Every structure is written in C-alpha cells, then in structure tokens.
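In the UniProt record's numbering, the protein residues as written are 1 to 735.
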C-alpha cells in the first residue's frame, strides 16, 4: 500500500513536481546573490539617519523598504515621474536598479502559477501535495529498506538506479518535506483557507495637523535600527491628515508628521510571525544559506524522477500482471516473493493462477511488505525466496528478516519457504535458508519442510506444488513455463586459443558491443550497462538452462569478452569454442553486483585459476586509478595456458597490477594457487590487515582450497575467511 502511495503520485505528477523542483532550485539562488550584491547597513545605523540621507538624495521619496537580505530600496516621485533604486545606506544614493530582472520575474511566475493565474496556483498546489505524499511515503519505504530509521544511512546495494534513488532521497527528503509543507501553507493562505493573522492597527482618528518634521527629529525612528526595518512610508505631500507608517520586525505603527509622536502601534501576532516564518523557510528570504541548501536538495527531484521511472519500468518488465490478486486482508493464502531480477515472480503467478482456479483467495506481494498483523483471514503464508549475491536478501525482500524478528505475537498461520537459486553457486538458496532459520527461531509453525528450485526448474517447482496440494487437500498440478530472457545477437570479433597442449582447449572470445537503443541506454537494459564480473548467458540449442560466463570486460572497454574452456559433452562450450570471427550467438546479460572490486583505495587480492582469470583480467583492465592489486593466478603450464600473458605484462608496466604470483600445476612439482598463498603468507596477512578485499574466481575445488589456505594463514591474527565474508571483504565467483 505504501509503495502504491509513493508510485502513483510520482508517475501522475511527474512533470509538475519536476518543474516545481527545478524552478524552486533556480529561485533559491537569488536571495543569496541579493545578499552578496546589496550594500548592507552598519549595525548602529538608525532608520532616522537612513531616511534623512535618502530624503536628501531624493526629496520626493515616498517609501523605503528593507528586504530580509538587507537590501534597501527607495521609491520616489520626481516631477510626477516615478523612480526606484537600490540604496547604499552609507550615502542614501541609488547604486542599482530596483527591478528584480526579467529572469527572476519569469521564474517566479512559473513557480507560483505557471503564468495561469488562480488555475495555475491550484495546479502548483497539487504538485506540492504530490511532493508531500512522495516525501512521506518515501520516508516509510527508505526506512523499510534500511531496516528502520535508526539505520537510515546504512550502506545500500543493488542496481544503480535503485541505489541512486534511495541515496538522494534520504539526503533530500527533509528539504522536500519542508518545501512541500510550506508551499501548501502559502497556497492555503492565498486562497483564504486559513484564518486572518492580523494586520496594521487602526489609523488614528486624530493627528496634530502639523507637517514638516524631519526624520532625524522623530524619536521612534532614531531608536529603531535599520537592521529591524521592513518599511517606512512617508506622508502624502500636502495632506496634513496623513502620517508616517513604520513597519519593523516587531510590528506596525503610525507616527505624526508634525510632532513625531507615536500615534498607534500593533505588535506582530503569533499568526503573522508564523506566516512570515513559513515564507522565509520556503523562499530563503532572510535565510540565504537555508535557501541554497533547499535548492540543492530540490535538484535531486529530477534525478529521483528518472530513476523512479526506470525502477517502475524494470518492475513491470520483471513482474507478470497477476489477475484477481486479492487484498492481503481478504486472502486465505499470502504468497510473498523475494526476487532480484524478477524471474521468481513468474513462479508466483503460476501458483496464484492454480490456487485461484481451485477456489482459493490469494494475495501476491513482495516480501518487503510482510505485515502478519494485517492478514486477518490468512490460513497460510508461502514465501518464494531467491538469493542475492553471497546470501543477502534480494531487492523485493529488503527488511523482511527484521520485520520477522519484530513480529509479536506470532499469528497462528503456518509458513512454507521455497528457495530459488543456482546450485552451481556456493551461496545456493542462502537467503531462503536464513529465512527458514529465523522462522524456526521464532517458533513459527511450518506448513511444509523447506525446499528449493534449482535454476528455475519447472520439474522442481511441480514436485513442490504436488506436496503443497497434498497438504491442502487440493489436486495441485503446477505447469510453469519460465519466461525466456530477452537476448541480443553478439558477433565474434576475434579469438585467441590456449590449452591444446595440456588437453584443456580454452579461448578468449571478444564480441562486438551490440548496438543499443536510446531507451536501453537510459534504462540500462540489454548491454547498455555492464561491468567486468557480470554474467553473460548463452542459451543452448536444446532449450535447456542457459550457461553463464563471467565477463572479462566492462561497457567502457567497448567490447564483450569472455573466457571459455571446452568441456567434454558441453553443448554451449563446444559451440563457443568452435566460433569463427563474424559468426554470432544470442546472449543476455545478468548483473552480478556481489562480485565487484568496490570503490576505495584498499588493496585487492585477486585469486583465480584457469578461466577464472576472466573477470580478474577485466578488473585489472579497469584499474585506471592504479589501486594496489595483487594477482595469484594458477595455470597448467605457462607455455600453454598462461591466459592474458601479454596484457598482464602491460598492466604491470602501467601500474594497474602491483604484483603477479603464478602457480603451475603441470610442472616438475605441481603448485596450486593455495600453495602460492601459503608461500606468501606474511604479505597476504599484512595486506588483509590493511583492509584488502579478497576476490576468488574459478572452480569449486580451487575455491575450497583457497578458503582452507587462508584460514591457516590468518589463524595467528585472529581472522577467518568467514569474518572477512561477513564484512564484505571476501567474495567468490565459483562454478
């Protein structure tokens, strides 16, 4: 529900909110510029002295105003011709035009009313209301994603658009809340929806009838510093019944033009002070630095608008439309999905359709919306949990474990957990396992034993569905057809072959970067945005599960590169290693944000063997800032499969690679990367103590050996690979 309150005002009022923010950001510059440009009055200067100086320079002066920025402006008539100027308080002379300028007038009209009068003011008020709804719902969503307000600035992960959206939101939301509330208050006042806040005192019934007193002789003016002045209006020439009108930060009064006596005075009411404070907070008039800060925050709105639309479109692509999806409060079955790239939602749609046909009422939603207190009619909760990276919660399950922990008292609703993942990865269904463990620790009743679906297997899903049907007493047959990923054609540019002499044919394949549409570049779809370490999927001819390869290049390199070893009986590897330049394959991209070097200057320890060098080579190629990198590379024989040999030499010469340590397994004495690590134990330990990040890529047996070796190396220092993994300093890409 909160997500809907956030999404639809944003989409419906996208242009209006963006226009409000950009015009407001532009206007926020003027108060600061005005304060810097305008001559300022000295602290001891009185209104009487200022009025005398201005009157001497402009005998026909009618009014003197002081803006919150300190700018003093005088208005006069000279032989029937009106004039106005910004005044230097030290001399009383005009130094600049009082006209705010065409640009400022145009921006003000645009921001207030779209140049459309009251109709435009109503439209902009609607935009401010939409911004308020967006800000409040955004606070709730950010708190949900980060695990509560106390974790507001916790580190984020996930796709760039999502991270950028939240990073800007959690900084800018305070300013947007303030701007939207003050804008709505000012709009309500404009349309007379707020009670009157008071005004000037009643004009005195009697005056002295005398005229001609000089401002310097008026006691009230001599006692009033210019720093508190807002406006001084002179009596109309020749009208003995008129008076001076003085407005200050304290209130408004009338002064006799013959005697200088204070005829009437009214202090500002609480309502007036509140109204002026609201105006100051919204415009920055009188608080230039605050205005600039609010303007900077407002500049985040168009970025959030763009990333928000990209996230919405991505979610629409990733989630199938589910018909007859019941509200959570009315459903018998609550089906919650934790997914990163969207494929798990398709399984949820299949189950929803089958249960609905069987007469059940079902609600499908993200695991991040978990709220058991609202499941008034629920008889079961089903959780479809995919895993992100090295065992973390996927995007649509952010904060789920925290809410599960806080759930008290437990409703009497049994729960079943089905994990989705790829068994070739070490963290297979790790998040689903964490959910199961947390539910057991809370004492939650299990509807079914925890189960898994490997590589989107329809057979695994159908088997689990039959078990669920038996438990519910329903004939449940789930026939799921995974949605094929959107592929693009890649044309091979070049290939380099290795490993024939050691019976391990291997090739470095470089493909041309496919052409991307403008929409793909804006949304990051297809091959518009990728980094070394991301995954490329190649579909086999028989329609089986795709084979994933780690990318050895990033978008900035201008090509797509992978390292492939031919496996006996491997359909995809055989096809790839038989490609000739000019031939094509169909492929799709899958982000792998859990296997990235990360930012910063901390050293990197890269460990790989065989084709595992692929993404590590991509990291070295991208190391343009010369971050310290130590590469441990295992091969069979340097004359046969020393992959990237010439490039590695170049990267060392360029400072992109600090040190190379090789291990040869087919020499006189077999030597593996774990042996190389042990031989360099002292330096490895020192690097890790300095904050180094360890990245391992290669076969499962190699990775296990590396973990064992590092455990031995780090034992004297009190560190373990598990501790490094928990801190995000030990990551693996294992196959």
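Idealized CB from N, CA, C, for every residue including glycine. Values in this document were obtained by computation on a predicted structure and should not be read as measured data.
Straight-line CA distance for residue i to residue j?
{"i": "residue 449", "j": "residue 391", "result": "20 Å"}
{"i": "residue 438", "j": "residue 427", "result": "17 Å"}
{"i": "residue 329", "j": "residue 366", "result": "15 Å"}
{"i": "residue 675", "j": "residue 731", "result": "20 Å"}
{"i": "residue 149", "j": "residue 143", "result": "5 Å"}
{"i": "residue 795", "j": "residue 218", "result": "The question about residue 795 has no answer here: the residues shown for the chain are numbered 1 through 735."}
{"i": "residue 635", "j": "residue 561", "result": "20 Å"}
{"i": "residue 194", "j": "residue 270", "result": "14 Å"}
{"i": "residue 461", "j": "residue 557", "result": "40 Å"}
{"i": "residue 177", "j": "residue 171", "result": "11 Å"}
{"i": "residue 151", "j": "residue 711", "result": "32 Å"}
{"i": "residue 664", "j": "residue 612", "result": "15 Å"}
{"i": "residue 604", "j": "residue 687", "result": "8 Å"}
{"i": "residue 649", "j": "residue 642", "result": "12 Å"}
{"i": "residue 107", "j": "residue 67", "result": "19 Å"}
{"i": "residue 229", "j": "residue 72", "result": "9 Å"}
{"i": "residue 628", "j": "residue 168", "result": "31 Å"}
{"i": "residue 683", "j": "residue 692", "result": "11 Å"}
{"i": "residue 45", "j": "residue 114", "result": "41 Å"}
{"i": "residue 82", "j": "residue 60", "result": "9 Å"}
{"i": "residue 41", "j": "residue 258", "result": "27 Å"}
{"i": "residue 706", "j": "residue 673", "result": "7 Å"}
{"i": "residue 111", "j": "residue 382", "result": "49 Å"}
Considering only C-alpha positions, which residue in the set the options is nearest to residue i?
{"i": "residue 275", "options": "258, 296, 184", "result": "184"}
{"i": "residue 470", "options": "38, 485, 447", "result": "447"}
{"i": "residue 610", "options": "434, 704, 181, 499", "result": "499"}
{"i": "residue 412", "options": "378, 429, 425", "result": "378"}
{"i": "residue 327", "options": "14, 355, 375", "result": "375"}
{"i": "residue 734", "options": "398, 702, 622", "result": "702"}
{"i": "residue 465", "options": "694, 351, 33, 536", "result": "351"}
{"i": "residue 452", "options": "429, 434, 388, 458", "result": "429"}
{"i": "residue 713", "options": "727, 700, 679", "result": "679"}
{"i": "residue 13", "options": "96, 656, 126", "result": "126"}
{"i": "residue 423", "options": "361, 477, 547", "result": "547"}
{"i": "residue 552", "options": "596, 502, 578", "result": "596"}
{"i": "residue 103", "options": "384, 23, 77", "result": "23"}
{"i": "residue 282", "options": "174, 334, 368", "result": "174"}
{"i": "residue 396", "options": "414, 406, 342, 403", "result": "342"}
{"i": "residue 322", "options": "353, 601, 297", "result": "353"}
For residue i, which three-state DSSP category applies?
{"i": "residue 347", "result": "helix"}
{"i": "residue 215", "result": "helix"}
{"i": "residue 464", "result": "helix"}
{"i": "residue 651", "result": "helix"}
{"i": "residue 562", "result": "strand"}
{"i": "residue 34", "result": "helix"}
{"i": "residue 220", "result": "helix"}
{"i": "residue 279", "result": "helix"}
{"i": "residue 93", "result": "coil"}
{"i": "residue 716", "result": "helix"}
{"i": "residue 69", "result": "coil"}
{"i": "residue 696", "result": "strand"}
{"i": "residue 322", "result": "coil"}
{"i": "residue 608", "result": "strand"}
So, are the CB atoms of residue i and residue j less than 8 Å apart?
{"i": "residue 254", "j": "residue 245", "result": "yes"}
{"i": "residue 371", "j": "residue 431", "result": "no"}
{"i": "residue 180", "j": "residue 132", "result": "yes"}
{"i": "residue 243", "j": "residue 256", "result": "yes"}
{"i": "residue 614", "j": "residue 573", "result": "no"}
{"i": "residue 225", "j": "residue 55", "result": "no"}
{"i": "residue 704", "j": "residue 677", "result": "no"}
{"i": "residue 589", "j": "residue 530", "result": "yes"}
{"i": "residue 39", "j": "residue 88", "result": "yes"}
{"i": "residue 507", "j": "residue 515", "result": "no"}
{"i": "residue 84", "j": "residue 222", "result": "no"}
{"i": "residue 398", "j": "residue 363", "result": "no"}
{"i": "residue 485", "j": "residue 456", "result": "no"}
{"i": "residue 504", "j": "residue 565", "result": "yes"}
{"i": "residue 490", "j": "residue 512", "result": "yes"}
{"i": "residue 626", "j": "residue 594", "result": "no"}
{"i": "residue 25", "j": "residue 338", "result": "no"}
**Item:** the stretch 231-239 touching the stretch 301-309, judged by at least three CB pairs closer than 8 Å
**Value:** no
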